[in-house]
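Number of protein chains: 2
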Amino acid sequence: MDLFFEPLTPISFLQRSGEVFADRIGVIDGERRFSYGEFYERCRRLAGALSAMGARDGERVAVLAPNTHMMLEAHYGVPMASAVLVTLNTRLNTVELSGIIEHSGANYLLYDSAFKEKAVEIADRLKTARGIRLTTIEAGSDNRTNRTSQYEDLLASSQRVETLPEVDERGLLSINYTSGTTGEPKGVMYHYRGAYLQALSLVAHTKLDESSVMLWTLPMFHCNGWCFTWAVTAAGATHVCMRRPDPWEAWRLIRSEGVTHLCGAPTVLSSLANDSNAAKQDRMLKVFTGGAPPSPSLLEQLSSLGIEVTHSYGLTETFGPILICQWRPEWDDLPVAEQARLKARQGVAHLAAVPPRVIDREGNDVPADGKSIGEIVVRGNVVMRGYYRNHEATVKAAPDGWFRTGDLAVVHPDGYIEIRDRSKDIIISGGENIASIEVEQILASHPAVLEAAVVAAPDVHWGEIPVAYVTLRPGEHVSEEDLIAYARQRMAHFKVPKRVVFGDLPKNSTGKILKHELRQRLWQALQ
Amino acid sequence: MDLFFEPLTPISFLQRSGEVFADRIGVIDGERRFSYGEFYERCRRLAGALSAMGARDGERVAVLAPNTHMMLEAHYGVPMASAVLVTLNTRLNTVELSGIIEHSGANYLLYDSAFKEKAVEIADRLKTARGIRLTTIEAGSDNRTNRTSQYEDLLASSQRVETLPEVDERGLLSINYTSGTTGEPKGVMYHYRGAYLQALSLVAHTKLDESSVMLWTLPMFHCNGWCFTWAVTAAGATHVCMRRPDPWEAWRLIRSEGVTHLCGAPTVLSSLANDSNAAKQDRMLKVFTGGAPPSPSLLEQLSSLGIEVTHSYGLTETFGPILICQWRPEWDDLPVAEQARLKARQGVAHLAAVPPRVIDREGNDVPADGKSIGEIVVRGNVVMRGYYRNHEATVKAAPDGWFRTGDLAVVHPDGYIEIRDRSKDIIISGGENIASIEVEQILASHPAVLEAAVVAAPDVHWGEIPVAYVTLRPGEHVSEEDLIAYARQRMAHFKVPKRVVFGDLPKNSTGKILKHELRQRLWQALQ
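Chains as they are written, first to last, in this note's numbering: chain A, 1 to 527; chain B, 1001 to 1527.
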């Protein structure tokens, strides 16, 4: 009996805040300020415009933009048109971006004028090489002067949608592309139900409310901003957009806008803590971090700045955070070092997540002894619907209904999970995933290179950085600088190895490269 | 594609808190204290015991108890056995209670020994009159001495359930009986999905967390404690049970247990504010109220005691609160009288609720002018599944998919709803619903009474009280005291008229009693 049933969708949060908080500030972007009423109206107009141009009924709409009001509006306007949102990592190059757009089947691209060159190149490439005609819409980059962009004209001239679309709550809301271990991008499918529950749970955990102010230091193109794009709106809090996570500018905004919340990888927090503009605020600043555990010294530094850190753990496949290092009041009195040790743990399922399991190779749960290592596996409503147009990868990632995260962890006696290693060959640098195999293949494409192995080196600022071990072909030569320059032309810059070490690679009897030996060498060299 | 899908159920909150907060205090009841680990274990044992005795697979289990740990455990143990929870209003008499139990089809009754006499009478009555064999389980009333009740023996000897049951999230979790306008009790069916979303939304709105302490001044038998039975557990907060809402004892517990949250009708809050034991606490005490708007003087009194009030509105049919008078930071600076006026409004949909409508007789939305009156109608996930075994009443209550609340309201220009009157003939006294027709029928059953009309009189303490207007048969006589005594023997005491006025009843040309005229008379008499 479906009497009174209502599908769960995060768009309902904008409807509520657009009405209840109509005259309160919803979005700040440079000198532009939109009330929640205006924000809601703009999203409805965007939906009307997209619908009118055919971007509806499950059509994919890609967005290439930094954290701007347009990016935020796309998170509502696109699904309000019953279309599917595909946000793009602006750090990728045009070859990578074209590949993702083609895979997603998007025929529409919203872009910020800061990426005009990239957008034009992508459109040209798709047209020339693949015969795809991409409809592009440019939004102004400088909001002080450029209020009459193509995007603004479109909004001004369009009819707003009057009613929100009927949805299947397990239907497709967005696709978030991630680097798989093979380097082939995989499109992680988010459903409305998951985004709704993730957002509601985040509001409960972060205590976001109508007097909160979120500074967007986290890219919205990462897991739709860990679903905070929807959570902040649910709370009726103010979004403060930031085009680049510049720490000096961040501190200026923290002060001028009264920021209460922000998110970011430890790298971002470290930049904030070490900036010359850093200063303790009257109000506690709440920070959500993930991607790597925050170090004890960083935690101490942040604490002295009045910043309270919550450590969380997640993947693109889990709508962002799925584990949270749930703090217990009795830990407040422990020595700082002990607090840091506890906070370095990834923790437990958040309110809307199913408790994860940590399993050994036979699929049995490891004992909660803080020693036995197993792989973290997850399921539940805040796990994706699957990989877009890649059923094989979906099945492989979840052979038994539990998604394999590729992260190896222990379970402590109190049930908190702590990651020890990764089973997948991924390097996480500044919150970005790098598939080592992808970097290796490009290095190996250099005429002088025989073979290459890329591993993660620990780095105070970035968490990890890629380092390449390369064997040259007999008689050939290339310098470290030249090889790095070669790589920079062929991949997003964050993926490029920071160092190249030449020499033989350690291998086992069957010829497999022993990466753990390379990691040991690196660690020894660093000590 | 149902990959990773997990049905929503509030039982998952106890699983989480039972694991994450295993060693933190979950429940305090007199001198007994249970950690979340123990609370979880006891509920799993209760489920095992119920299952073993056949109370499973949709069987109904009734509970007659004040706010005790057993009552709270039943909110988890019963659904963990896949049975359906039927909590009973302890203020009803045995005829009323027997009728409800029979209607629910419950074959099991958990009761607190304070209600032993009632329980025995109910069991006898059901057996004698209806041939129903009720299995009863007694829990000890005095927790200081009586730790070896039938209930405790059962828990001690039973096998705990190992895994939580698979559920259909729209399946039947509990039935909450309410007085309909006809006086016939109606069983409001709660589904798992609604209780889960209601609880999660309440956590977000109330900011309940693991350091919160909830004092149970609200009866858990009212809408399962407005779903706070599940919300408090979700937050990992501590439940403090109270068998009677005694204000002196409440203040003692507020101090000794560090209470941060409580709920209750304005009547309860007024008793608290006026108690000799009242004193301002260091910590802000957050209160959720509903059933009637809190008066300006009460709000002022509470504020001086460090009590922050959130006004909400709901019905049994809406899992408790569905509207919330969402406070805006800019109202903090208004004069107290103005704040009270704003806070007297019922407000807007909470986070998990669908925005309500206020419609005129033709079904059109009334304008948001603060003047035009219409009926509040609701739908969405926090509205019941329907009335148990009463499809006709369900259809009648929601002819078009929108549930008719019977409350007449205006919509203010800012979208906030404020109730002006009730279209249904219900009196709300101290948070309890009284169907005037039921009281009228019992008064009319007295041999001396020709006809009776019962209306609500405003009352500072109770919000409303029932007052009877009675016409005697020619030549017959009964005194006010005797008629009230007659009524007290035949209905729950809270339903009994506080005054009886004898005389002719005003009628229209077709002989219909004009209740609004009686109300006017009452108001004039009170001025």
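All residues carry an ideal CB built from backbone N, CA and C; glycine is no exception.
Source: prediction; values computed, not measured.
Who are the Cβ neighbours of residue i in its own chain at under 8 Å, not counting the five residues just before and after it?
| i | result |
| --- | --- |
| residue 406(A) | 181, 375, 422, 423, 424 and 426 |
| residue 507(A) | 513 and 514 |
Excluding the 5 residues flanking residue i on each side, which residues of the same chain have their C-beta closer than 7 Å to its C-beta?
| i | result |
| --- | --- |
| residue 1365(B) | 1357, 1358 and 1359 |
| residue 25(A) | 33, 35 and 238 |
| residue 1492(B) | 1091, 1092, 1093 and 1096 |
| residue 353(A) | 322, 380 and 382 |
| residue 1497(B) | 1439, 1454, 1466, 1467, 1468, 1484 and 1487 |
Does the beta carbon of residue i sit closer than 7 Å to a beta carbon anywhere in chain A?
| i | result |
| --- | --- |
| residue 1039(B) | no |
| residue 1019(B) | yes |
| residue 1326(B) | yes |
| residue 1003(B) | yes |
| residue 1320(B) | no |
| residue 1312(B) | no |
| residue 1334(B) | no |
| residue 1211(B) | yes |
I'd like to know if residue i contacts chain B, where contact means its C-beta is closer than 7 Å to some C-beta of that chain.
| i | result |
| --- | --- |
| residue 6(A) | yes |
| residue 207(A) | yes |
| residue 215(A) | no |
| residue 379(A) | yes |
| residue 204(A) | yes |
| residue 460(A) | no |
| residue 272(A) | no |
| residue 200(A) | yes |
| residue 329(A) | yes |
Within its chain, find whatever has a CB closer than 6 Å to the CB of residue i; leave out the 5 residues flanking it on each side and keep chain order.
| i | result |
| --- | --- |
| residue 145(A) | Summary for residue 145(A): the model assigns pLDDT 49, below 50, so the residue's position carries little reliability; its value from the coordinates is reported in the next sentence. Excluding positions up to five away in sequence, the list is empty. |
| residue 1101(B) | 1062 |
| residue 236(A) | 17, 21 and 210 |
Give a yes or no on whether the C-beta atoms belonging to residue i and residue j are separated by under 7 Å.
| i | j | result |
| --- | --- | --- |
| residue 1199(B) | residue 1227(B) | yes |
| residue 23(A) | residue 35(A) | yes |
| residue 1340(B) | residue 1299(B) | yes |
| residue 1248(B) | residue 1067(B) | no |
| residue 1265(B) | residue 1430(B) | yes |
| residue 1220(B) | residue 1388(B) | no |
| residue 194(A) | residue 39(A) | no |
| residue 1073(B) | residue 1043(B) | yes |
| residue 1325(B) | residue 1291(B) | no |
| residue 1342(B) | residue 1307(B) | no |
| residue 136(A) | residue 109(A) | yes |
How far does the beta strand (DSSP E) with residue i in it reach, from first residue to last?
| i | result |
| --- | --- |
| residue 1313(B) | 1307-1315 |
| residue 1109(B) | 1108-1112 |
| residue 411(A) | 403-411 |
| residue 429(A) | 426-429 |
| residue 457(A) | 449-459 |
| residue 187(A) | 185-191 |
| residue 1062(B) | 1060-1064 |
| residue 373(A) | It is not in any beta strand (DSSP E) - residue 373(A) carries neither H nor E in the DSSP assignment. |
| residue 432(A) | 432-435 |
| residue 422(A) | 417-422 |
| residue 223(A) | First-last for residue 223(A): 223-226, but that is the alpha helix (DSSP H), not the beta strand (DSSP E). |
With respect to the alpha helix (DSSP H) encompassing residue i, which residues constitute its N-terminal and C-terminal limits?
| i | result |
| --- | --- |
| residue 482(A) | 480-488 |
| residue 1515(B) | 1515-1526 |
| residue 118(A) | 116-130 |
| residue 1288(B) | Element bounds for residue 1288(B): not the alpha helix (DSSP H) but the beta strand (DSSP E), 1285-1289. |
| residue 16(A) | 11-20 |
| residue 302(A) | 296-304 |
Using a threshold of 6 Å, is the CB atom of residue i nearer than that to any non-hydrogen atom of the ligand SAH?
| i | result |
| --- | --- |
| residue 1078(B) | Among the components of this structure there are no ligands whatsoever, and the ligand SAH is therefore not found. |
Counting only beta-carbon atoms, is residue i nearer than 7 Å to chain E?
| i | result |
| --- | --- |
| residue 1084(B) | The question asks about chain E, but that chain is absent: this structure's protein chains are A and B. |
Exercise. Is it a yes or a no for the segment 1482-1491 of chain B touching the segment 1454-1462 of chain B, going by three-plus beta-carbon pairs under 8 Å?
Worked result: The segment 1482-1491 of chain B vs the segment 1454-1462 of chain B: no contact.
Exercise. Should the segment 1159-1168 of chain B be called in touch with the segment 158-171 of chain A, which here means at least 3 C-beta pairs below 8 Å?
Worked result: Flag = no, the segment 1159-1168 of chain B and the segment 158-171 of chain A do not touch.
For this session: Evaluate the contact criterion for the segment 67-83 of chain A versus the segment 115-132 of chain A: three or more CB pairs, one atom per stretch, below 8 Å.
Result: Not touching, per the Cβ criterion.
Exercise. Is there contact between the segment 271-284 of chain A and the segment 148-162 of chain A, where contact requires at least three CB pairs shorter than 8 Å?
Worked result: The segment 271-284 of chain A, when compared against the segment 148-162 of chain A, does not touch it at the 8 Å Cβ threshold.
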